[in-house]
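Peer 1: Below are the structure tokens for one structure; questions will follow.
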Amino acid sequence: MSTAIKFVYPTLALSLWHTVTLTFRGIVTLQAAKFVKKLTEFILCFILAFAISRYGMPLYPITSWLVDHSYQYFSHYQDDTYESGADPVTFISLMVIIFVYSLILYSLLRWLLKKILPR
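So the mapping is simple: this note's numbering equals the position in the sequence shown, first residue as 1, plus 275.
Structure below.
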């Protein structure tokens, strides 16, 4: 009787350990897949925001105005002189503006997907 108990418990414990491990790996894998999906959606929204804020596109006047005003406000912090439009203030303000545009597009995309594909 004692010999049978010695062999049953390690097998049961090993079986439970594998079940817990596989379940944990499955949950982590699903969370990683969701993160990759959301990151891909955000990157696509960033590319779209960059495309529609270029010259001649719908968001260009707003983007140009915001970049010009941020340059006027922050340009006195620059130590060196740069080419027109190639300075760090213009680049960083442009990236921040496009990031905000992409956040807005991403939230609209998520809202539309929730409306179209209810769970």
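We put the CB at the ideal spot given by N, CA and C, even for glycine.
Predicted, not measured: the structure shown is a model, and the values here were computed from it.
(1) Who are the near neighbours of L383 in its chain, counting only those whose CB is closer than 6 Å to its CB and skipping five residues on each side?
(2) Give me the residue from L341, T365 and W340 with the minimum Cα distance to Y352.
(3) Over the uninterrupted alpha helix (DSSP H) stretch that includes P336, give me the two end residues.
(4) Ends of the alpha helix (DSSP H) at T381?
(5) Taking 7 Å as the limit between beta carbons, can you name the residues of its chain near Y381, skipping five residues before and five after?
(6) What distance in whole Å lies between the Cβ atoms of S368 and S345, which are believed to be in contact at a cut-off of 8 Å?
(7) Are the beta-carbon atoms belonging to Y376 and A326 less than 8 Å from one another?
(8) Kindly indicate which three-state DSSP category T304 falls into: helix, strand or coil?
(9) Rounded to a whole number of angstroms, what is the C-alpha to C-alpha distance between R385 and I379?
(10) Expressed to the nearest angstrom, what Euclidean distance is found between the alpha-carbon atoms of Y395 and I322?
Peer 2: Checking against the coordinates, here is how it stands:
(1) none
(2) T365
(3) Y335 to F349
(4) The residue you asked about is not Thr; residue 381 is Tyr in the sequence shown. It spans P363 to I391 - the alpha helix (DSSP H) in which Y381 sits, taken as one unbroken run.
(5) E316, F317 and C320
(6) 4 Å
(7) no
(8) helix
(9) 10 Å
(10) Because the chain is modelled from 276 through 394, residue 395 falls outside the range shown and cannot be assessed.
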